[in-house]
Amino acid sequence: MQKVFITRSIPQPAIDYLNSYGYQVSVYRKDTAISNSELIKNIKNSDAVISLLTDKFDKEVLDQMKNCKVIANYAVGFNNIDVAYAKKKNIIVTNTPDVLTDSTADLAIALVLACARRIVEAEKLLMQKKFTGWAPQLLLGMELKNKTLGILGAGRIGAAVAVRAKSFGMKIIYFNRSRNNSLEAETNAKKVSIEKLLSVSDIVSIHLPLNSETFHLLNKDKLSLIKKNSILINTARGEIIDEKELIKLLKKKNIRCAGLDVFENEPNLNEEFYKLKNVVILPHIGSATEEARTNMALLAAKNVAAVLSGKKAITPV
Ligand code: DGY
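Numbering-wise (my numbering), the sequence shown opens with residue 214 and increments by one.
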């Protein structure tokens, strides 16, 4: 009987799906990320693993996998897995694209609105019973119409954010390796250099994968190009921004507000984030909708079943 190990509880339909193939499915049931030693213990003899973005599959871990044919990552990002080394070991790696695009794009727009309209600050004022009545200058924000949204990374999620932003009357520019013709047709977006994007956008939203090219892509130099008083949104990966430099800019109020769903060292945030007023911070919930998480789980399970039945993976990376 082929063994499938799942590193944490995921929606039941995926487990039912795997059971219908007769696999021996085991799930790490503690409600914390699995430790490295527990991970190694459990994957040694597995034929397939469904992993989370919090599980690190480096050389040391991959070398422990004796029978594994597929690691199905329950995420669209796969920076937690040494894919090149997995390939050498003939382990197929898959991810969960498409099914979380809308949820993540919705959250990016939620952060845009929260930053532009100072939603969190406004709620705090009310909850602290400091609301003394309507006032002409109370919590003035920024309108989105006619503002420029710069999309860093015009893949599926970046494009979905652009389409939503278009409906707010925003102008779209994007930075991407290749041209995205359908995005241009749908939103009239223009491809520009990263330097231009940072210097003219009123809102910058990051939708790049994390890899050696994008690690600290927004370093001190690039961050210094960001137009004064603009908004920076990150729902991709924290490591794309040099957080220490971002914090300096936020303190100087060079950036109006940062809306961040992801951080360099999750779950341990730089303490400064808790003190800043011009941030909206969320605990990595981009794909956290019932729809997305169920479909991510099912897609991971289908990838496992495809590979274990000798077929092609559905969404290999
Ligand atoms: C992903 O899938 O990479 C997201 O970060 C999960 O929310």
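Even for Gly, the Cβ is constructed at its ideal location relative to N, Cα and C.
Computed from a predicted structure; not experimentally measured.
Unbroken alpha helix (DSSP H) run spanning residue i, endpoints
i, result
"residue 328", "314-329"
"residue 469", "Careful: residue 469 lies outside any alpha helix (DSSP H), inside the beta strand (DSSP E) at 468-473."
"residue 277", "Here residue 277 belongs to no alpha helix (DSSP H), and DSSP marks it neither H nor E."
"residue 486", "485-488"
"residue 250", "249-256"
"residue 371", "369-379"
"residue 335", "332-340"
"residue 226", "225-232"
Test item: CB-CB of residue i and residue j under 9 Å
i, j, result
"residue 513", "residue 256", "no"
"residue 476", "residue 451", "yes"
"residue 375", "residue 367", "yes"
"residue 432", "residue 455", "yes"
"residue 216", "residue 280", "yes"
"residue 288", "residue 266", "yes"
"residue 495", "residue 474", "yes"
"residue 530", "residue 291", "yes"
Start and end residues, beta strand (DSSP E) containing residue i
i, result
"residue 241", "Segment: none, residue 241 is in no beta strand (DSSP E) and carries neither H nor E."
"residue 494", "492-494"
"residue 394", "Note, residue 394: premise wrong, no beta strand (DSSP E); alpha helix (DSSP H) at 394-400."
"residue 447", "443-447"
"residue 285", "283-286"
For residue i, the three-state DSSP class (helix, strand or coil)
i, result
"residue 430", "coil"
"residue 405", "coil"
"residue 306", "strand"
"residue 499", "coil"
"residue 361", "strand"
"residue 542", "The question about residue 542 has no answer here: the residues shown for the chain are numbered 214 through 530."
Per DSSP, cross-strand counterpart(s) of residue i
i, result
"residue 217", "238 and 261"
"residue 354", "Its beta-bridge partners do not exist; DSSP assigns none."
"residue 294", "270"
"residue 384", "361"
"residue 417", "363 and 445"
"residue 454", "431"
"residue 422", "Per DSSP, none; premise fails for residue 422."
beta-carbon residue i near the ligand PLP non-hydrogen atom, thresh 8 Å
i, result
"residue 223", "The ligand PLP is not among the ligands present in this structure, which contains only the ligand DGY."
Assess contact between the segment 395-413 and the segment 452-471, defined as three or more Cβ pairs (one per stretch) separated by less than 8 Å. Is contact present? With the cut-off at 8 Å, the segment 395-413 and the segment 452-471 do not touch.
Are there three or more Cβ pairs, one per stretch, closer than 8 Å when the segment 413-429 is compared with the segment 354-361? With a cut-off of 8 Å on Cβ pairs, the segment 413-429 is in contact with the segment 354-361, counting three or more such pairs.
Is it a yes or a no for the segment 389-398 touching the segment 296-306, going by three-plus beta-carbon pairs under 8 Å? No, the segment 389-398 does not touch the segment 296-306.
Are there three or more Cβ pairs, one per stretch, closer than 8 Å when the segment 328-336 is compared with the segment 513-527? Cβ pair count under 8 Å is below three, so no.
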